[in-house]
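Residue 4 is where the sequence shown starts when you use my numbering, and the numbers rise one by one after that.
What follows is a set of notes on a single structure, which appears directly below.
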Amino acid sequence: MAEGKLRVLSVTSEAVPLIKSGGLADVAGALPLALAPFGVEMRVMLPAYPGLAAKIGPSKVVWAAPDLFGGPARLLAGQAGGVDFLLLDAPHLYGRTGGPYLGPDGKDYPDNPERFAALSWAAMAVCRDGLTDGWTPGVMHGHDWQAALTPLYLRRQGVACPSVLTIHNIAFQGLAPYEKLAALRLDPADFTSGDLEYWGQISTLKAGIIHADQVTTVSPTYAVELQREEFGMGLHGVINARPGGVRGILNGIDEAVWNPETDPEVRNYSLRTLAPRKGNRKALLKEFGLKETGGPLAIVVSRLTRQKGLDLLPEVLPAFVAGGGMVAVLGSGDRDLEEALAGLATAHPGRIGLRIGYNETLSHLMFAGGDAVVIPSRFEPCGLTQLYGLRYGAVPVVTATGGLADTVIAANPAALAAGVATGIVMHRTDPLALHMAFSQLLALYAQPETFTQIRKAGMRADFGWSRSAAAYADLYHGMRA
Ligand code: ADP
Ligand code: GLC
């Protein structure tokens, strides 16, 4: 380890390449490598869900506790994809069949508050005691509600380690009944409206927003939106009460994984040689059983939840396909949305294709073969799929919210004339706005030169990590005790 490096403990519930349910995993997995050139040595701590320990190579036990929220626990240090991981091995909490948060019945594990309070407590203990291999964090960086008790634990245990909390999505607030205070090792004295209490319950996210030394979120626009009632989801008052506010640092994409010139899952192409892209489009049509119309091929790669605005598709897509459009949807999530989309695919064979499930490999082909990626989110803290779309030449169709507003330049006449437009932007998530966006997509696609110009402007844009990693590094270095 080089002298003078700042050691940062990143605490998260998911990270690639080990486990992923959404963008948080991409960000948590990409940050350590992006930060290395800026004098930061980051280790990523997350629960040892079943099967994860085998993915970090030969591991070493670097911390142990006889009783972590009801059973013994230890931290396993190892590497995957060049990232240093610390897996919190505590079978009584994480040795479950099911996902990281949901059991096989699709419901939250009832002890999720304890499971992630334990992660936060162990993170505090690492900051307090260091690891047996001599590594002690200089800064703790927690992600979302699952790590959000760490700053409070640090304060109450008198640990001087400075803390950062990043809000990836304020919709998830880590709520727990107040009866769990003792089980979560929380002091009833902290259960006040100025602290942990949120409408009669415990909110771990609220505790984090109050106690972290720095709070960040994943785009500048979301940082501003969070101050408002429409987006703050009840926590805007707490956000506004923070003297320094919340800082927005845009996510980047991992360019080693998301690069059309080298992506092993697709026919490779670049800004200069777009031709092989046609082969990807053809393969994608085949994959989804779609018949070529000569119109635009729109893709969706998403969690299927209300946040993403995809409940509007059944109302809007019939007109799009009638106009020559084709659609390929890959996603999973809310049952009613899955069913509505299945109905749509059945009603429009050869025009709308659907794959329910999570499929990383297929997602690469979709960005490399699709003409547009549709993201009509009601709110979007950052969003990564518009960035993949830009990089791969699948023109984003987005709502101007959060990170979508910060990364896509609307194809309005001025931007088109200046050659800087990169996507189609709507200002609300409603059927009319989405209908107009699809109409614009049909119209622009019918002008091949203009459409290629938009595609290329997107491919030229830089959404790698370096700028944002520099911003995080600055933040950490500024907090160094
Ligand atoms: P969120 O974290 O809110 O789901 P993001 O856009 O930040 O949204 O990140 C979503 C990530 O998950 C992206 O990397 C996206 O490609 C991926 N993803 C979402 N759904 C699927 C799916 N069904 N199959 C493969 N990848 C998916
Ligand atoms: C959350 C947000 C998404 C963001 C991701 C990574 O899941 O919904 O917008 O890109 O976190 O920060």
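Cβ atoms here follow ideal geometry from the backbone N, Cα and C, with glycine treated the same way.
Three-state class that DSSP yields for residue i in the structure shown
i	result
P94	helix
L407	helix
F370	helix
E295	coil
Y112	coil
R306	strand
Y201	strand
M482	helix
P180	strand
M143	strand
T15	coil
F88	strand
R10	strand
V377	strand
A5	With a pLDDT of 43 at A5, under the threshold of 50, the predicted position of this residue should be treated as unreliable, though the coordinate-derived value follows. A5: coil per DSSP, three-state reduction.
L300	strand
A150	helix
K281	helix
Close-in-space but distant-in-sequence residues of the same chain around residue i (CB under 7 Å, 5 per side omitted)
i	result
L168	G145, A151, P154, G211, I212, A215 and V218
D409	S222, P223, T224 and L253
H95	G73 and G74
R463	L274
M127	T153, Y156, L157, Q160 and V162
Beta-carbon contacts of residue i that lie in its chain and below 8 Å, excluding the five residues immediately before and after
i	result
A31	S13, T15, E17, A18, V19, V47, L49 and H146
P317	A343, L344, G346 and L347
R470	L253 and G255
Extent of the continuous beta strand (DSSP E) run through residue i
i	result
G81	A76 to A83
E44	V43 to P50
V260	No beta strand (DSSP E) contains V260, which DSSP labels as neither H nor E.
S166	S166 to I170
Q204	Q204 to S206
S335	M329 to G336
I355	I355 to I359
V227	Taken as a continuous stretch (DSSP letters only), V227 belongs to no beta strand (DSSP E), being part of the alpha helix (DSSP H) at P223 to E228.
P399	V398 to T402
V30	Careful: V30 lies outside any beta strand (DSSP E), inside the alpha helix (DSSP H) at G26 to L38.
Neighbourhood of residue i by C-beta, 6 Å cutoff - its chain only, sequence neighbours within 5 removed
i	result
P75	P69
Y272	P263, P279 and R280
A37	W468 and A472
G298	G327 and G328
G282	R270
Euclidean distance between Cα positions of residue i and residue j
i	j	result
G386	T425	16 Å
N115	G98	13 Å
L27	H171	7 Å
G25	L407	16 Å
R338	G161	46 Å
G392	R483	37 Å
P107	L91	22 Å
P35	Y52	21 Å
T364	T432	29 Å
A259	A83	15 Å
G101	L419	48 Å
V64	P451	58 Å
V241	W138	34 Å
Q149	E117	10 Å
A5	A93	Bear in mind that a pLDDT of 43 at A5, under 50, signals an unreliable position, so the number given afterwards is only what the model happens to contain. When rounded, the distance between both Cα atoms is 32 Å.
R131	L9	16 Å
G54	A449	49 Å
K289	G336	24 Å
A397	I412	14 Å
V142	V129	11 Å
E341	F323	20 Å
E295	F370	17 Å
L444	N362	26 Å
K183	P191	10 Å
Cβ neighbour criterion (16 or more within 10 Å) applied to residue i
i	result
S166	buried
A121	buried
D266	buried
A421	exposed
H367	buried
heavy atom of the ligand FAD below 8 Å from residue i C-beta
i	result
N172	The ligand FAD is absent from the structure shown, which contains only the ligand ADP and the ligand GLC.
Unbroken alpha helix (DSSP H) run spanning residue i, endpoints
i	result
P416	P416 to A421
L157	T153 to R159
V249	Where V249 is concerned, there is no enclosing alpha helix (DSSP H), given that its DSSP letter is neither H nor E.
M462	P451 to R463
V269	First-last for V269: undefined, no H or E at that position.
A57	No alpha helix (DSSP H) holds A57; DSSP gives it neither H nor E.
Cutoff 9 Å: residue i Cβ touching any chain D Cβ
i	result
T195	Looking at the structure shown, chain D is missing, and only one protein chain is on hand.
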